[in-house]
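Anchor point for the sequence shown: position 38 equals 42 in this note's numbering, and the numbering is continuous, going up by one each time. No residue lacks a Cβ here, since even glycine has one placed at the ideal position from N, Cα and C. Shown next, in structure tokens, is the structure this report addresses.
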Amino acid sequence: MPKVINDIEKNIFNVAMELFGNLGYDNVEMKMIANKAGIAVGTLYNYYPNKMQLYLSVLENSWDDTLKKIDENSKLHISPELKIRKYLEILYKDIEDRKGLGSELAKEKNIYINKETKSMSFRDALVLKFIEQINLIGEGTSCDISEENKIKLIEIFIISIPFMIKSYPQKREDNIDFLAEVIYKFIK
5 MPKVINDIEK NIFNVAMELF GNLGYDNVEM KMIANKAGIA VGTLYNYYPN
55 KMQLYLSVLE NSWDDTLKKI DENSKLHISP ELKIRKYLEI LYKDIEDRKG
105 LGSELAKEKN IYINKETKSM SFRDALVLKF IEQINLIGEG TSCDISEENK
155 IKLIEIFIIS IPFMIKSYPQ KREDNIDFLA EVIYKFIK
């Protein structure tokens, strides 16, 4: 009788997120994921045709959750300073929880995640979403920053937050304060 595994997709997702986060994309094999998930490799391939598709699915789902939190934050009726702070807390915590899962994005600009059109890379989609949030934050201020500079600012933060997490692991609050101060001065 075949083994029944409840919530197999959730199990695959959790195992893949853990392995990609701990070992990095290049050091994880589909066989490792299947073994740790307690399923056959063929079963794993029934859900995901290759490692990149699984990686992108895990990454997309984890970032979707982050972006939902950021959207909720944008609806709060609080000062721009506090919005920036809360926005960075969400971003910092979720990047920290991913344990470097998105590091492939820093290396590859051509990883595509939009399944319908394949017209926008995942990194570009993230940047656009974050610009939208900066625009919302900037509504109450005299924000006079070009779209190009907003893109540069967001890309700097996407890259610098993992670096700060690794380099200053005990300085979480100080790191967030620093990032908030930089953003607020930039958009004021």
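What is the C-beta distance between residue i and residue j, in whole angstroms, given that I count them as a contact (C-beta under 8 Å)?
| i | j | result |
| --- | --- | --- |
| K105 | M21 | The sequence shown places Leu at residue 105, rather than the Lys named in the question. Correct: roughly 7 Å between the Cβ atoms. |
| L71 | K133 | 6 Å |
| I158 | I135 | 6 Å |
So which of the options has the shortest CA-CA distance to residue i?
| i | options | result |
| --- | --- | --- |
| P173 | K97, L140 and V186 | K97 |
| Y29 | S171, P166 and K103 | K103 |
| F13 | V62, N26 and L27 | Reading off the sequence shown, one finds Glu at residue 13, where the question assumed Phe. The residue with the shortest Cα to Cα distance from E13 is V62. |
| L140 | I191, D101, N65 and W67 | I191 |
Return the chain-ordered list of same chain residues with a C-beta closer than 6 Å to the C-beta of residue i, the five sequence neighbours on each side being excluded.
| i | result |
| --- | --- |
| V32 | L23 and F24 |
| K90 | N77 |
Skipping 5 residues on each side, what residues in its chain have a beta carbon closer than 8 Å to that of residue i?
| i | result |
| --- | --- |
| D69 | D98 |
| I82 | K90 |
Here's the rule I'm using: 16 or more other beta-carbon atoms within 10 Å means buried, otherwise exposed. How should residue i be labelled?
| i | result |
| --- | --- |
| L183 | buried |
| L80 | exposed |
| H74 | Inspection of the sequence shows that residue 74 is occupied by Ile rather than by His. Classification of I74: buried, given that the 10 Å Cβ count is 16 or more. |
Which residues in the same chain have their Cβ closer than 7 Å to the Cβ of residue i, if we skip the five residues on either side of it in sequence?
| i | result |
| --- | --- |
| I165 | L95, Y96 and I99 |
| L27 | none |
| E93 | I180 |
Specify whether the stretch 54-74 and the stretch 147-161 touch according to this definition: at least 3 beta carbon pairs, one from each stretch, less than 8 Å apart. no
If we count Cβ pairs, one from each stretch, closer than 8 Å, do we get three or more for the stretch 83-98 versus the stretch 43-52? no
The stretch 58-72 / the stretch 24-37 touching (three or more Cβ pairs under 8 Å): yes
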